[in-house]
Amino acid sequence: MRETLTLTRPDDWHVHLRQGAMLGLAAAHTAARFGRAAVMPNLSPPVETVARALDYRAEIMAALPAGAEFNPMMSLYLTDHTAPDEVAAAARCAHIIAYKLYPAGTTTHSEAGVTRIAPVMPALEAMAGHGVVLQVHAEVRDPQVDVFDREAVFIEQVLEPLHRELPELKIVVEHVTTEQGVDFVRHSGDHVAATVTAHHLLFNRNQMFRGGLRPHAYCLPVAKRERHRVALVEAATSGDRSFFLGTDSAPHRRRDKESACGCAGIYSAHAAVELYAEIFESAGALDRLEGFAGHYGADFYGLERNRGRLTLEKKARRVAPAYALGGGDEVVPLRAGETLTWSVLPPGH
Ligand code: NCD
Ligand code: ZN
Numbered sequence: 156m157r158e159t160l161t162l163t164r165p166d167d168w169h170v171h172l173r174q175g176a177m178l179g180l181a182a183a184h185t186a187a188r189f190g191r192a193a194v195m196p197n198l199s200p201p202v203e204t205v206a207r208a209l210d211y212r213a214e215i216m217a218a219l220p221a222g223a224e225f226n227p228m229m230s231l232y233l234t235d236h237t238a239p240d241e242v243a244a245a246a247r248c249a250h251i252i253a254y255k256l257y258p259a260g261t262t263t264h265s266e267a268g269v270t271r272i273a274p275v276m277p278a279l280e281a282m283a284g285h286g287v288v289l290q291v292h293a294e295v296r297d298p299q300v301d302v303f304d305r306e307a308v309f310i311e312q313v314l315e316p317l318h319r320e321l322p323e324l325k326i327v328v329e330h331v332t333t334e335q336g337v338d339f340v341r342h343s344g345d346h347v348a349a350t351v352t353a354h355h356l357l358f359n360r361n362q363m364f365r366g367g368l369r370p371h372a373y374c375l376p377v378a379k380r381e382r383h384r385v386a387l388v389e390a391a392t393s394g395d396r397s398f399f400l401g402t403d404s405a406p407h408r409r410r411d412k413e414s415a416c417g418c419a420g421i422y423s424a425h426a427a428v429e430l431y432a433e434i435f436e437s438a439g440a441l442d443r444l445e446g447f448a449g450h451y452g453a454d455f456y457g458l459e460r461n462r463g464r465l466t467l468e469k470k471a472r473r474v475a476p477a478y479a480l481g482g483g484d485e486v487v488p489l490r491a492g493e494t495l496t497w498s499v500l501p502p503g504h
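Mind the numbering: the sequence shown is residues 156 to 504 in my numbering, read in order.
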């Protein structure tokens, strides 16, 4: 008998869709699985204004395959200069759901990000007042801090004090990777949540050094020790409504990854829901996947849950070794050339 699993159509609350040929690839993979996605604004130049976000959203809609039903929800890029008036305009726009805080210098295209909390306090107060969510890349940029400690230090030095000062601000700790992050979210009430990626649930830091240096397993925040991975699996599969799906699927060209200074980012949009199904199944929690993937994120953002459904089948599928972008460029996906245990059925199967 065919083993299938039907879920409320899930949402991806953290994805990088990029532009150009990469957008075509990423948008098709994301739209084949998710009803909505929180689209990250770290383009170059970054998406800072409502007007620019609406232009970018139109680019995404134009890149979707014919017939796709997908609603990109835009995040704006917070800078030291974001004006409270722009926050108010963002709050009035139904296509915009959040601001993303990148501490300057922490990750891909974060140069224009936030240097300290003090200059962004007026914007954060406006967000709290208008109910706009703050998505946070929770890492300190101090090069003196060990790369594996940057999330824990950021939580202690920046997020805990911010949450105490502005408890009404809704905060998402994006791509949480540590026990400390999980504890903070668990104990901070209804206004603090976290997205959890598939790759941080699957890998610990050994994956980057398995038989040699593995650039395709490198992302930021970097994967941590096994006990942190175990804490993430426990949080994601526990049914705690503060943890929900965000892939952080972040495609880069193969040559930018396989380089003397390789870019951070893992491409997972081609297999996102399938991988989460595999993780929840091995944790014995397949019955909790629907809440994590399709309910809790929408609830946190104050949006209706999707009405559509997505069906997965327990059927092996081999992942392509790479996806061509044209011009000789390609993207190497997570599990390249390997097998997935679940497959997504096309709509109306
Ligand atoms: C992301 C990217 O490439 O845009 N990279 C990553 O490793 N996650 C940026 C980010 O989300 O930090
Ligand atoms: Zn990201």
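Beta carbons: idealized from backbone N, C-alpha and C, even for Gly. Bear in mind the structure is a predicted one, so any value in this text is a computation, not a measurement.
Checklist entry - Apart from the five residues on each side of it in sequence, which residues of its chain come closer than 7 Å, Cβ to Cβ, to residue 394? => result Cβ neighbours of residue 394 beyond the five flanking positions: 443, 446.
Next on the checklist: With a threshold of 8 Å on Cβ separation, who are the neighbours of residue 173 within its own chain once the five nearest residues in sequence on each side are excluded?
Outcome noted: Answer for residue 173: 181, 198, 406, listed in chain order.
Checklist entry - Beta carbon of residue 384, beta carbon of residue 361: below 7 Å? => result no
Checklist entry - Straight-line CA distance for residue 398 to residue 409? => result 31 Å
Item to check | Nearest-residue set for ligand 2, Cβ under 6 Å from any heavy atom | outcome: 169, 171, 195, 403, 405
Next on the checklist: Any heavy atom of ligand 1 closer than 6 Å to the beta-carbon of residue 125?
Outcome noted: The first residue shown for the chain is 156 and the last is 504, placing residue 125 beyond what the model contains.
Checklist entry - Anyone know if the C-beta pair for residue 426 and residue 495 falls short of 7 Å? => result yes
Next on the checklist: ligand 1 and residue 185: does the residue's C-beta get closer than 6 Å to at least one heavy atom of that ligand?
Outcome noted: no
Item to check | Length of the line joining the Cα atoms of residue 278 and residue 474 | outcome: 43 Å
Checklist entry - Are residue 334 and residue 386 closer than 7 Å when you measure CB to CB? => result A contact, by the Cβ cut-off of 7 Å.
Next on the checklist: To test your reading of the DSSP string, which unbroken beta strand (DSSP E) runs of 3 or more residues are found completely within the stretch 373–402?
Outcome noted: 398–400
Checklist entry - In this structure, what does DSSP give as the bridge partners for residue 226? => result 191
Checklist entry - To which residues does DSSP link residue 473 through a beta bridge? => result According to DSSP, residue 473 shares a beta bridge with 494.
Item to check | For residue 317 and residue 272, believed in contact at Cβ under 8 Å, the rounded distance | outcome: So it is a contact: roughly 6 Å between Cβ atoms.
Next on the checklist: Could you tell me which whole beta strand (DSSP E) segments of length 3 or greater appear in the stretch 325–380?
Outcome noted: 326–328, 347–351
Next on the checklist: Could you tell me the alpha carbon to alpha carbon distance between residue 354 and residue 392, rounded to whole angstroms?
Outcome noted: 15 Å
Next on the checklist: Would residue 348 and residue 287 be called neighbours here (beta carbons separated by less than 7 Å)?
Outcome noted: no
Item to check | Heavy atom of ligand 1 within 6 Å of residue 361 beta-carbon | outcome: no
Checklist entry - Which stretch, first to last residue, makes up the alpha helix (DSSP H) that contains residue 456? => result It spans 451–456 - the alpha helix (DSSP H) in which residue 456 sits, taken as one unbroken run.
Next on the checklist: One question on the structure: do residue 340 and residue 422 come within less than 7 Å of each other, judged by their Cβ atoms?
Outcome noted: no
Checklist entry - For residue 257, which of helix, strand or coil comes out of DSSP? => result coil
Checklist entry - How about residue 256 and residue 269: are their beta carbons less than 7 Å apart? => result yes
Next on the checklist: Assuming contact is defined by CB atoms lying nearer than 7 Å, are residue 508 and residue 227 in contact in what I supplied?
Outcome noted: Examination of residue 508 is not possible in this model, given that the chain is present from 156 through 504 alone.
Item to check | Boundaries (first-last residue) of the beta strand (DSSP E) holding residue 485 | outcome: 484–486
Next on the checklist: Strictly by DSSP, which residues pair up with residue 166?
Outcome noted: 191
Checklist entry - What are the complete alpha helix (DSSP H) segments, minimum 4 residues, inside the stretch 395–441? => result Inside the stretch 395–441, DSSP marks whole alpha helix (DSSP H) runs of 4 or more residues at positions 409–412, 427–437, from first to last along the chain.
Checklist entry - Straight-line CA distance for residue 283 to residue 276? => result 10 Å
Checklist entry - Would you say the beta carbon of residue 419 comes nearer than 6 Å to a heavy atom of ligand 1? => result yes
Checklist entry - Do you know how far the Cα of residue 461 is from the Cα of residue 165? => result 7 Å
Checklist entry - For residue 452, which residues from the same chain have a beta carbon less than 7 Å from its beta carbon, with the 5 sequence-adjacent residues on both sides left out? => result 166, 168, 399, 400
Checklist entry - Does the stretch 230–239 come within contact of the stretch 298–312, defined as at least 3 CB pairs closer than 8 Å? => result no
Item to check | 7 Å Cβ shell around residue 162 - same chain, five flanking residues per side excluded | outcome: Excluding residues up to 5 positions away in sequence, 444, 445, 448, 449, 464, 465 lie with their Cβ nearer than 7 Å to the Cβ of residue 162 in the same chain.
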